[in-house]
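To convert, note that position 120 of the sequence shown is 733 in my numbering; the numbers rise steadily by one, no gaps. Just so it is clear, CB atoms sit at the ideal spot from N, CA and C, and this is done for glycine as well. This report refers to the structure that appears directly beneath it.
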Amino acid sequence: MERKQRVVARLIRDAISDVIAREVRDPRVGIVSVSSVDLSADFRHAKIRLSVIGSTEDEMRESFEALDRARPFIRRMLGERVRLRHVPEIVFERDRGAEHAEHIARILAEIESDRAQEGEHESS
């Protein structure tokens, strides 16, 4: 990605994070983190990767449905905050990186707990 593309992607990420946190009023939208923005070379399309923090699968699905319904509003707010010749079409995509890290952390905690219990049984 070119330098200008990276800078604009960062501006878009920050603007969309702010819009979701402050402007989107749908109660179905949980705590959302914008992980990254992939911007096309012509700046007309942006893929927004999102993580919904601390949610069940159903809550996550509802959050994405609500955000998808709010997409025209979010795009309009993006156009007001970031001055570009063309405001990119935005698509939301689930970022599974944070979920994967959380899953690994749970597994490691279980292993540590099992080791601690085995140590207690051996010392008895």
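Review point. Less than 8 Å separating the beta-carbons of L663 and V621?
Key: On the sequence shown, residue 663 is found 50 positions in, with the first residue counted as 1. On the sequence shown, residue 621 is found 8 positions in, with the first residue counted as 1. Cβ atoms of L663 and V621: not closer than 8 Å.
**Study point:** Length of the line joining the Cα atoms of I687 and T669
**Key:** Here residue 687 refers to the residue found at position 74 when the sequence shown is read from its first residue. Here residue 669 refers to the residue found at position 56 when the sequence shown is read from its first residue. So the alpha carbons of these two residues sit roughly 24 Å apart.
Check your understanding: Roughly how many angstroms separate the alpha carbons of V642 and M673, rounded to a whole number?
Key -> The sequence position of residue 642 within the sequence shown is 29, counting from 1. The sequence position of residue 673 within the sequence shown is 60, counting from 1. Looking at the two C-alpha atoms, the distance is approximately 8 Å.
Practice item. Compare the C-alpha of P640 against each of E693, A729, R682 and name the closest. Key: In the sequence shown, the residue the question calls residue 640 occupies position 27. For P640, the nearest C-alpha among the options comes from R682.
**Study point:** A659 beta carbon less than 8 Å from that of P685
**Key:** Start at 1 with the first residue of the sequence shown, and residue 685 comes out as number 72. Start at 1 with the first residue of the sequence shown, and residue 659 comes out as number 46. Not a contact, by the Cβ cut-off of 8 Å.
Practice item. Name the two residues that bound the continuous alpha helix (DSSP H) containing F677. Key: Within the sequence shown, numbered from 1, the residue matching residue 677 stands at position 64. 670-682 is the extent of the alpha helix (DSSP H) around F677.
Practice item. Find out if the Cβ-Cβ distance for the pair R626, V645 is shorter than 8 Å. Key: Stepping through the sequence shown from its first residue, residue 626 is reached at position 13. Stepping through the sequence shown from its first residue, residue 645 is reached at position 32. For R626 and V645, no; Cβs fall outside 8 Å.
Review point. Mapping DSSP to helix, strand and coil, what is E706?
Key: By 1-based counting over the sequence shown, the position of residue 706 is 93. Strand, per DSSP.
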